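Visitor:
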Amino acid sequence: MINLFDTAISRTAPIGQSQEQTIGIYVCGSTVYGPPHIGHGRFALVYDILWRYLEYLGYQVSFVSNVTDLDDKIIDRAKSEGRSWKSVALQYEEQWWHDMELLNVRRPHHTPHATDYIDQMIELISKLEEAGYAYRLDDGVYMQVDKVPSYGLLAHQDLATLRSGARIAVDAAKNSPLDFALWKAAKPGEPSWDSPFGKGRPGWHTECVVMANSLLGKDFLLHGGGLDLCFPHHENERAQAAALGMDFAEHWMHNGLVEVGGQKMSKSLGNYTTLEDICQRHDPSAYRLLVLQSSYRSPLEVTPELMEDGEKALARIYSLDRRLSDIATSVDSVDSDLSLDRANIEEVKNDFQKYMNDDLNTPSAMALLFVSLRQANNLLDANNLAEGYNLGKFVIDMFYMLGIKSYVAEVEISDELQILLRERNEARDNRDFVKADVLREKIKSLGYSIEDSASGAKLRAL
RNA sequence: GGCGGCGUGGCCGAGUGGCUUAGGCAAGGGCCUGCAAAGCCCUGUACCCCAGUUCGAUUCUGGGCGCCGCCUCCA
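As numbered in this note's numbering, residues 120 to 581 make up the first sequence, in order.
#1: What does the alpha-carbon distance come out to for the pair residue 159 and residue 278?
#2: Quick check: the Cα distance between residue 130 and residue 482, rounded to an integer number of angstroms?
#3: Report yes or no: do three or more beta-carbon pairs, one from the region 483–492 and one from the region 424–441, lie closer than 8 Å?
#4: Counting pairs of beta carbons, one from the region 317–329 and one from the region 236–248, are three or more of them closer than 8 Å?
#5: Could you tell me the boundaries of the beta strand (DSSP E) in which residue 72 lies?
#6: With a cut-off of 8 Å on the beta carbons, I'd call residue 152 and residue 211 a contact; round off their distance for me.
#7: What is the residue span of the beta strand (DSSP E) that residue 532 lies within?
#8: Specify whether the region 399–413 and the region 507–526 touch according to this definition: at least 3 beta carbon pairs, one from each stretch, less than 8 Å apart.
#9: Taking DSSP as the reference, what is the three-state secondary structure of residue 186?
#10: Which residues bound the alpha helix (DSSP H) around residue 403?
#11: Please state if the CB of residue 479 and the CB of residue 123 are separated by a distance shorter than 8 Å.
#12: For residue 192, tell me which candidate among 183, 205, 185, 181 has the shortest Cα-Cα distance.
#13: Could you tell me which residues DSSP puts in a beta bridge with residue 382?
#14: Would residue 128 be called buried (16 or more neighbouring beta carbons within 10 Å of its own) or exposed?
#15: From which residue to which residue does the alpha helix (DSSP H) around residue 510 run?
#16: Tell me the residue span of the alpha helix (DSSP H) that contains residue 160.
#17: Using three-state DSSP, classify residue 547 as helix, strand or coil.
#18: Could you tell me the alpha carbon to alpha carbon distance between residue 200 and residue 207, rounded to whole angstroms?
#19: Output yes or no for whether 8 Å exceeds the beta carbon distance between residue 141 and residue 181.
#20: Just to confirm my understanding: we take residue 394, look at its own chain, exclude 5 residues before and 5 after, and list those with CB closer than 8 Å. What are they?
#21: Quick check on residue 421: does DSSP put it in helix, strand or coil?
#22: Alpha carbon to alpha carbon, how far is residue 133 from residue 300? Give it in angstroms, no decimals.
#23: Could you say which of 269, 533, 559 lies nearest to residue 543 if we only look at CA atoms?
#24: May I ask you to list the residues that DSSP assigns as paired with residue 256?
#25: Please report the straight-line C-alpha distance between residue 587 and residue 298, rounded to a whole angstrom.
#26: Three-state secondary structure (DSSP) at residue 321?
#27: So residue 250 and residue 363 are in contact, right, with Cβ under 8 Å, and what is the actual spacing, rounded?
#28: Less than 8 Å between the C-beta atoms of residue 169 and residue 135, yes or no?
#29: Check whether the region 410–423 and the region 329–343 are in contact - that is, three or more C-beta pairs closer than 8 Å.
#30: What is the DSSP secondary structure of residue 347, reduced to helix, strand or coil?
#31: With a threshold of 8 Å, are at least 3 pairs of Cβ atoms found where one atom belongs to the region 306–314 and the other to the region 383–393?
#32: Can residue 536 and residue 508 be called in contact, C-beta distance under 8 Å?
#33: For the beta strand (DSSP E) holding residue 133, just list the boundary residues, first then last.
#34: With a 10 Å radius around its C-beta and 16 neighbouring C-beta atoms as the bar for buried, classify residue 213 as buried or exposed.
#35: Nearest-angstrom Cα distance between residue 513 and residue 137?
#36: Residues in its own chain within less than 8 Å of residue 303 by CB, not counting five upstream and five downstream?
What follows is the structure in structure tokens.
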């Protein structure tokens, strides 16, 4: 059983008390209007990690994350680039999945598109109107939030306080500045659908309610998203569900934001780095490790220096992995031993789960894994193969379980490399180290480093 | 202005009323090696400021200072 911080009650609460129950998770996904940046990458990683861990614990998970393919920003971009909003959405959705693959973020079980749920959204808005929670203005249908008794649950503020702070930008006709658009009346040149409220398109807050309910049922376990969605987006989702008597999400989870120089990374501030960019410059797993080494609820700075730190730490993981593979393939005689001696792993395993279950304390879990990694190397150094192998295997398994990509170097040894390597070995046998070093440099210039060991020289891709 | 959060060693970042230490990266020393690489061992530098509670606070309480998020599209 895992404890997670619940934004609705401002403290941690257990989830998944019954193994029988499928854990339904809905995470507000991407609005596909531009290239995703590392802030988007963080939420994707956080929930990917949660999902992987829940499965590791043996839970049945149904993971849903939407694609908002209809939105003001998509339409704006399409206008300014003189093309259709659909082509904009399509292009950036493609980019989104491409970048997710780079990050080793698994595709959710369901990735509903807003445009596929227009009818159901219309239905929901009609119900809200019938129940007296919505009212019409010239430019659309609005949700009257003060009719929802629990409104403000996620904001943790009085309606009155909120109202005083809200900027009333455009619509003085609204009953309250907090009221939000359920349906936006059609404007010339914009996509629109027929509805009982006239031609138009649904507001942003409605899609998640409809898609979550269609795919996960009227109540589900966990709703997640970036901290900046907590209010008003999630509050407004809740309001619609609550108005119609649905339980909706039992638990609300929000991840901290990526910051740049202490400021939130966002498209509007222009201080963003795209995911593609960072994945090209660095091992994408380094970003995942960075996310794992910090608390998911805290702000996170992502600098090139930190990415490099992460890459160096990854090198130790990969190195142990290679070491274990060599043992597994070369030492047949201890094969039977390798499966023994698992008892001492249990304690590490328990500690690992203890940290992970404590509101996903991944930094402590990482610390434990790195300590164990060192111990495993130590044991192997002492030629304690079975114990070292088992501990090391556990460490590697956990890193990979959390989505750090497997990396067992499969060096494609070309004929040229083969010859160079053989010549160097001969030179070393002849104690002609000058020649050996020249050859090592040559091999290095081809992109491979050499690690000499008792079992011979090994090549490693740089 | 309202609400929420944060301030830890060179950098990032956990955690705890005292017990020997988080961890990653960097730095210094060592082992191994022909030299390297990889790995391992050892080392240092902390808990924003002030008051209070306490035998004892980095950890609890109050105040101050600084920073951030939300209240408006936003992962």
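For every residue, glycine included, the Cβ atom is placed at its ideal position computed from N, Cα and C.
From a predicted model like this one, the values you see are computed outputs, not experimental measurements.
Guide: Checking against the coordinates, here is how it stands:
#1: To locate residue 159, count along the first sequence from 1; it is residue 40. To locate residue 278, count along the first sequence from 1; it is residue 159. Using only the alpha carbons, I get a separation of about 30 Å.
#2: Taking the first residue of the first sequence as position 1, residue 130 is located at position 11. Taking the first residue of the first sequence as position 1, residue 482 is located at position 363. For residue 130 and residue 482, the distance between alpha carbons rounds to 19 Å.
#3: yes
#4: yes
#5: No statement about residue 72 is possible, as the shown extent of the chain runs from 120 to 581 and does not include it.
#6: Translated into positions along the first sequence, residue 152 becomes position 33. Translated into positions along the first sequence, residue 211 becomes position 92. That belief holds up - the Cβ atoms of residue 152 and residue 211 are roughly 6 Å apart, short of 8 Å.
#7: Locating residue 532 in the first sequence gives position 413, counting from the first residue. Unbroken run through residue 532: none, as it is neither H nor E.
#8: yes
#9: Position 67 of the first sequence holds residue 186. It is a strand residue.
#10: Counting from 1 along the first sequence, the entry for residue 403 is found at position 284. That run of the alpha helix (DSSP H) goes 403–411.
#11: For the purposes of this step, residue 123 is identified with residue 4 of the first sequence, where counting begins at 1. For the purposes of this step, residue 479 is identified with residue 360 of the first sequence, where counting begins at 1. Against a cut-off of 8 Å, the Cβ pair of residue 479 and residue 123 comes out as a contact.
#12: As a first step, residue 192 must be located in the first sequence, where it is residue number 73. It is 205 whose Cα lies nearest to the Cα of residue 192.
#13: Numbered from its first residue, the first sequence carries residue 382 at position 263. Its beta-bridge partners are 379.
#14: On the first sequence, position 9 is the one that residue 128 refers to. The residue is exposed, with fewer than 16 neighbouring Cβ atoms inside 10 Å.
#15: Within the first sequence, the letter at position 391 stands for residue 510. Looking at the DSSP string, the run of the alpha helix (DSSP H) that includes residue 510 is 504–520.
#16: For this step, residue 160 is matched to residue 41 along the first sequence. Counting along the chain, the alpha helix (DSSP H) containing residue 160 begins and ends at 157–175.
#17: The count along the first sequence starts at 1 and reaches residue 547 at position 428. Helix at residue 547.
#18: One-based indexing of the first sequence puts residue 200 at position 81. One-based indexing of the first sequence puts residue 207 at position 88. So the two alpha carbons sit approximately 9 Å from each other.
#19: For the purposes of this step, residue 141 is taken as residue 22 along the first sequence, with counting starting at 1. For the purposes of this step, residue 181 is taken as residue 62 along the first sequence, with counting starting at 1. Cβ distance < 8 Å, so residue 141 and residue 181 count as in contact.
#20: Numbered from its first residue, the first sequence carries residue 394 at position 275. 154, 155, 156, 157, 159, 160, 218, 221, 222, listed in sequence order.
#21: Along the first sequence, read from residue 1 onward, the residue named residue 421 stands at position 302. If DSSP states are grouped into helix, strand and coil, residue 421 belongs with coil.
#22: The sequence position of residue 300 within the first sequence is 181, counting from 1. The sequence position of residue 133 within the first sequence is 14, counting from 1. If you take the alpha carbons of residue 300 and residue 133, they lie about 34 Å apart.
#23: Your numbering for residue 543 matches position 424 in the first sequence. When only C-alpha atoms are compared, the closest one is 559.
#24: Position 137 of the first sequence, counted from the first residue, corresponds to residue 256. Looking at the DSSP assignment, residue 256 forms a beta bridge with 259.
#25: Any answer about residue 587 is impossible in this case: the structure gives the chain only from 120 up to 581.
#26: To locate residue 321, count along the first sequence from 1; it is residue 202. Strand.
#27: Taking the first residue of the first sequence as 1, we reach residue 250 at position 131. Taking the first residue of the first sequence as 1, we reach residue 363 at position 244. 7 Å between Cβ atoms; contact.
#28: As a position in the first sequence, residue 169 is number 50, starting the count at 1. As a position in the first sequence, residue 135 is number 16, starting the count at 1. Contact flag unset, no.
#29: no
#30: In the first sequence, the residue the question calls residue 347 occupies position 228. Here residue 347 sits in helix by DSSP.
#31: no
#32: In the first sequence, the residue the question calls residue 536 occupies position 417. In the first sequence, the residue the question calls residue 508 occupies position 389. Their beta carbons are not under 8 Å apart, which means residue 536 does not touch residue 508 by this criterion.
#33: Start at 1 with the first residue of the first sequence, and residue 133 comes out as number 14. 130–134 is the extent of the beta strand (DSSP E) around residue 133.
#34: The count along the first sequence starts at 1 and reaches residue 213 at position 94. So residue 213 counts as exposed.
#35: The residue given as residue 513 occupies position 394 in the first sequence. The residue given as residue 137 occupies position 18 in the first sequence. Between residue 513 and residue 137, the C-alpha separation is close to 26 Å.
#36: As a first step, residue 303 is located in the first sequence; it is residue number 184 there, counting from the start. Correct list, in chain order: 258, 259, 319, 320, 321, 322.
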